[in-house]
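Sequential numbering from 489 applies to the sequence shown in my numbering. Report on one structure; see the data block that follows.
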Amino acid sequence: MNKTSTKISRRQQILESLAKMLEDSPGARITTAALAREVGVSEAALYRHFPSKSKMFEGLIEFIEDTIFTRINLILAEEPAALKRCENILFLVLTFTERNPGITRLLTGDALTGETERLRNRIAQVFERLETQLKQILREAELREGVRPSIPVSAAANLLMACVDGRITQFVRSEFRRSPTEYWNEQWPLIAQGFMR
């Protein structure tokens, strides 16, 4: 049992070190040799826990998915109003990226240059899943509240995602100096005004 818990904690340590390196070196490519030095183990030890660097990135993507979609389920359970649900989900994504700058480089694809297409597709699926969730909320709004977006549901959900995606990209492009939540409290009311009818 002790061996298993050591293995789990080492895996966690590798993922945390990878996320930290992504944060500390914006734009830089992470090598397994550098990651092994950061963790304080040999490259062979890294590969005992993850068969490839792609699998390490997949571990971080799983963390993104688990964290965001678990919290979205809580929002859906606690908040009945469609527009407030959308606001809470968008703010959740923005605050998640703000608290996890290194991992945010995965969301923009910045850290995946030269990596497998499968990883880029997996990130695209995260955003597709978010947009699908927003569409579902907006579709249900008419049944539950008698309101609907001022533009078609697909266009409305895409607009909300474009706002979030743009802020995340600004955050990474600024090398984490420009917070993704900057001005959000002033901008959201403007976005929300007239969004539903």
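All C-beta atoms in this analysis are idealised placements derived from N, C-alpha and C, irrespective of residue type, glycine included. All values derive from a computational prediction rather than experimental measurement.
- Annotated three-state conformation of residue 637 is strand, per DSSP.
- Residue pairing by DSSP puts residue 684 in a beta bridge opposite 637.
- With fewer than 16 neighbouring CB atoms inside 10 Å of its own CB, residue 654 falls in the exposed class.
- By the neighbour-count criterion, in which 16 or more other beta carbons inside 10 Å mark a residue as buried, residue 621 falls on the buried side.
- Rounded to the nearest angstrom, the gap between the Cα atoms of residue 546 and residue 587 is 19 Å.
- Close CB contacts of residue 619 within its chain, under the 6 Å cut and outside five residues either way in sequence, are with 645, 649 (chain order).
- Distance from the Cα of residue 671 is smallest, within the candidate group 583, 526, 543, 552, for 583.
- Excluding sequence positions up to five before and after residue 667, its CB lies within less than 8 Å of the CB of 586, 659, all in the same chain and listed in chain order.
- A residue is called buried once 16 or more other Cβ atoms fall within 10 Å of its Cβ, and residue 550, having fewer, is exposed.
- Counting only the Cα atoms, residue 509 lies some 7 Å from residue 518.
- Comparing alpha carbon positions, the residue from 552, 534, 515 closest to residue 524 is 534.
- Residue range 520-527 is occupied by the alpha helix (DSSP H) that includes residue 521.
- Judged by DSSP in its simplified three-state form, residue 576 adopts helix.
- In terms of Cβ geometry, residue 564 and residue 573 form a close pair [threshold 8 Å].
- Taking a C-beta distance under 8 Å as the contact criterion, residue 522 and residue 590 do not qualify as a contact pair.
- The beta carbon of residue 505 is closer than 8 Å to those of 523, 526, 527 in its chain, skipping five residues each way along the sequence.
- Remark: C-beta atoms of residue 642 and residue 683 do not approach each other more closely than 8 Å.
- Counting along the chain, residue 547 sits inside the alpha helix (DSSP H) bounded by residues 541-566.
- Per DSSP, reduced to three states, the secondary structure at residue 661 is helical.
- A straight line joining the alpha-carbon of residue 539 with that of residue 569 spans about 45 Å.
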